[in-house]
Amino acid sequence: MKKILSIITAISIIFCLAACSGVDETGQAYLENAVKSMNFSGVFRITCDGKPFCEVAKNNVQTENSPKITADTLFCVGSVSKQFTACAIMMLYEEGKLSLDDRLEKFFPQYAAGKQLTVKNLLTMRSGITEFYDVTYIDNAFTELPPAELRSTVTNRKTAAENQKALEAWLFKQPLTFKADSAYTYSNSNYFLLARIVEIVSGESFNGFIRKRIFEPLGMKNSYFIDDVNLKTLEGLAQPTVNPQTVYVGVTMGLGDIISNAGDIELWLNSLIEHRLISQKSVRAMTTDYSPEAESTYGFGLIPDETGGAYHYGYITTFQAMVYFNADKKITAFAVTNDDAHIDGNLPQLFHTMIYRACR
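Each number in our numbering comes from the position in the sequence shown (counting from 1) with 37 added on.
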């Protein structure tokens, strides 16, 4: 889950003037030419008020046995998963089961720094809790490794629960990198601990909670968790184009663990627009910028932008995903590739360019 770029390219700094009403032939042609030139493999879809604006599903690996990529194809979505965790926290908040101002010591009494930190600090990436991933590229694939002192403890020879316990214990021994709410730093550790809070407060497994409270009510029948499936044999999953070196069991929980497809992501984004799972007030809380620093922008698992919408990116091995929704204009957007290692171009820039076309 690559650190999020907080400054959108200039082409995406725009204002939505009117909602679109259907397939835009010019926009569709522009998208088709763009993805062809960048050697894109994946799915790109934008809808306006539930109607298609543009869509491409394309596989750049043209062999006799290469699986066809369609709108139904499954992809790992990386840090796009964080907004589901934020939604789970807001559900528990609306039910009066926790407060965003609760100190972490309430949930983790063994955590000395928990006296200083709140749930909201985790949501907004303003806790100062250290990042537990070291990011590198192996064979041009986005790769995240635990810190050296954790690599003998967090391994794929252990269960998800064992790795989560080891990671939690390690995090609680680390000093804060800054005073709570004094700065913004993107850290996956925040959302791992939020997932643990969901488990502690609900009494359910995190995956079980998300499945029961989000996937099933929305009819997201094509959404899964990395720890619950075999990535090599899951039917319908676009395979990474470079053999992934590391996807550690258990430690993507809450921060980069979801597998889904375009249809299910559209259901999810429309649920935020329609306030089906949480209130309009809670959706607004998720899409509010809590970083006063000029160089940073972050809400709760989402990044608000100048269009009046919100977006997020996700990266894991050779998967790159991005989502956007605009509640006022009822626009949803989803782009994902299984071949970030070989893509020839800037997919986020194209993503925001197409959003501009949908909004104008």
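Ideal Cβ positions, reconstructed from N, Cα and C, are used throughout, including at glycine.
A direct Cα-Cα distance of roughly 23 Å separates Asn200 from Thr355.
Less than 8 Å divides the Cβ of Phe246 from the Cβ of Ala125. Between the stretch 246 to 264 and the stretch 320 to 328, the count of Cβ pairs shorter than 8 Å is below three; the stretches do not touch. In the DSSP assignment, Ile315 falls outside any beta strand (DSSP E), carrying neither H nor E.
Counting of Cβ neighbours within 10 angstroms places Lys119 among the buried residues, the total reaching 16 or more. Contact between Phe77 and Glu92 does not hold, since their C-beta atoms are separated by about 13 Å, which reaches or exceeds 8 Å. The criterion of a C-beta distance shorter than 8 Å is satisfied by Gly256 and Leu304.
Thr84 sits in a strand when the DSSP states are folded into three classes. Below 8 Å, enough C-beta pairs join the stretch 215 to 231 and the stretch 322 to 342 to call them touching: three or more. Within the same chain, and ignoring the five residues on either side of His379 in sequence, the residues whose Cβ sits closer than 7 Å to its Cβ are Asn76 and Thr278. If you look at Ala197, you'll find it in the alpha helix (DSSP H) that goes Ala197 to Leu208. Note: Tyr348 is bridge-paired with Ile340 and Tyr361 in the DSSP secondary-structure output. Exclusion of the five residues before and after Leu213 leaves Ala150 and Gly165 as the residues of its chain whose Cβ lies within less than 6 Å of its Cβ.
Taken atom to atom, the span from the alpha-carbon of Asn96 to that of Lys88 is near 24 Å. No Cβ-Cβ contact shorter than 8 Å links Phe229 with Glu236.
Pairing Leu111 with Gly293, the inter-Cα distance amounts to about 15 Å.
If the five residues before and after Ala185 are omitted, its C-beta is found closer than 7 Å to no C-beta atom of its own chain. Judged by DSSP secondary structure, Ala150 falls outside any beta strand (DSSP E); it is assigned neither H nor E. The beta-bridge partner set that DSSP reports for Phe112 consists of Ser297. One alpha carbon belongs to Phe362, the other to Phe337, and they sit about 14 Å apart. Per the Cβ contact rule, the stretch 129 to 139 is not in contact with the stretch 358 to 374 (fewer than 3 Cβ pairs under 8 Å).
The residues Thr122, Phe243, Met290 and Gly291, in chain order, have a CB closer than 6 Å to that of Ala232 in the same chain once the five nearest residues on each side in sequence are set aside. Cys91 is bridged by DSSP to Ile83. Here Lys157 is buried. Its C-beta has 16 or more other C-beta atoms within 10 Å. Bounds of the beta strand (DSSP E) holding Ala370 are Ile368 to Thr374. For Val286 and Ser308, the gap between their C-alpha atoms comes out near 29 Å.
Following the DSSP letters along the chain, one finds Arg250 in no alpha helix (DSSP H), marked with neither H nor E. For Tyr327, DSSP assigns no beta-bridge partner whatsoever.
Distance from the CA atom of Ser239 to the CA atom of Met127, rounded to whole angstroms, is 12 Å. Straight-line measurement puts the Cα of Gln276 at about 11 Å from the Cα of Gly79. Per DSSP, the continuous alpha helix (DSSP H) segment holding Leu68 begins and ends at Glu62 to Ser74.
For Ser226, same chain residues with a beta-carbon under 7 Å away, outside a window of 5 residues either side, are Ile166, Thr167, Glu168, Phe169 and Leu208 in chain order.
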